[in-house]
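For what it's worth, the working numbering labels the leading residue of the sequence shown as 137, then goes sequentially. No residue lacks a Cβ here, since even glycine has one placed at the ideal position from N, Cα and C. Beneath this line is the structure, given in C-alpha cells, with notes to follow.
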Amino acid sequence: MRTATGIGMLWLLLALPLGVIADGNGLAELFGRIRLTGAAEFRYEETRILELAAAPVKSTGYLLSSPDGSLVKLQLSPRRIIMAISGGQMLYYDEEQKQRHTASLSFAGSAQQQISLFRALLQGRNEELQAVYDFTMERRGKHWKLALNVKPGQTGEDVPAMEIEGDDRNGKRQILIRQADGESSRYTMEKTGEGQSLEFSIQRLLLEAAGE
C-alpha cells in the first residue's frame, strides 16, 4: 500500500491552485487552499524503479479521492487492481489473480507515517508537514516546481521526498516520489473529473475491493 499512500499525498498537492505557487504566499494559506471540498479523479501513468526489478515497471489507471480521506487507486494495466485507503482500513483486490486483502492501518508498519502525512495534507494541518519537510517552490514562465525535501533527522524513517512539476498551459502534472530505500515512482497525471457524482464511483470501488 506504500504507493497508494504516496500518491494520496501527491493528489492533494496536484489540487494546489497555480496562483499560490506563482505568488509565493505563506504555507498556512497554501495548505488552507488545498484542503479538499469535493471528490476528484485523475488519470495517471506510472513508472516505478524497484530494487529487485531488472527494468522499470509501468502501469496506468485512475486515482479517485474524497474529502473524507478515502483514496482509491484503480490500476487498469497491465492488469486491473484496486488499492484503497478508507477509514481505518487498507484494501487490495487483484481481479485477475483473485486476491483480496483487507488490513487495519495499525498493521501498516512504517507506512503509517506516510498515511499520517496524507491525512495532514487532507485536513490542512501544515504544522505536521513542516516538522518533516522543507518546501521549495520555483517558477520559470509557465512552468513551476514544488519540492518536498525530508528534513535532516527524518532520514531514518520511511518518508518519501517528492517533486511536483506542472505547466499552466496544459494542466498536466509530473510527479516524482523518492523512497528512503532508493526506489522511486514517476507519474504523469491529468485531471479527468470532479464533483459529488464521483462519490458513487468511489464507494462502488471500495465495496468491490472489500468483497461486498
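Judged by beta-carbon spacing, Lys234 lies beyond the 8 Å limit of Ala220, meaning their Cβ atoms are not closer than that value.
The alpha-carbon of Met226 is positioned some 38 Å away from that of Lys278. Leu212 and Gly197 do touch by the CB rule: their CB atoms are close to 4 Å apart, below 8 Å. Gly205 is positioned such that its CB atom lies no closer than 8 Å to that of Gly331.
In the displayed model, Ser242 falls within a helix according to three-state DSSP.
If only complete runs of 3 or more residues are kept, the stretch 294 to 327 shows the beta strand (DSSP E) at 297 to 303, 309 to 314, in order along the chain. Counting other Cβ atoms within 10 Å of its Cβ, Phe178 reaches 16 or more and is therefore classed as buried. CA-to-CA, the gap between Met298 and Leu282 works out to about 8 Å. Contact check for Tyr229 against Glu335 fails: the beta carbons are separated by 8 Å or more. Assignment of Arg340 by DSSP, reduced to helix, strand and coil, places it in the helix class. With 16 or more other CB atoms across the displayed protein chains lying within 10 angstroms of its CB, Arg309 is buried. Spanning the alpha carbons of Ser337 and Glu274 requires a straight line of approximately 36 Å.
In this structure, Ile217 keeps its C-beta atom at 8 Å or more from the C-beta atom of Leu341. Cβ-Cβ distances below 6 Å link Lys194 to Thr183 in the same chain, with the five nearest sequence neighbours on each side left out; the list follows chain order. Residue pairing by DSSP places Gly329 opposite Glu177 in a beta bridge. Pro296 places its beta carbon less than 8 Å from that of Ile313.
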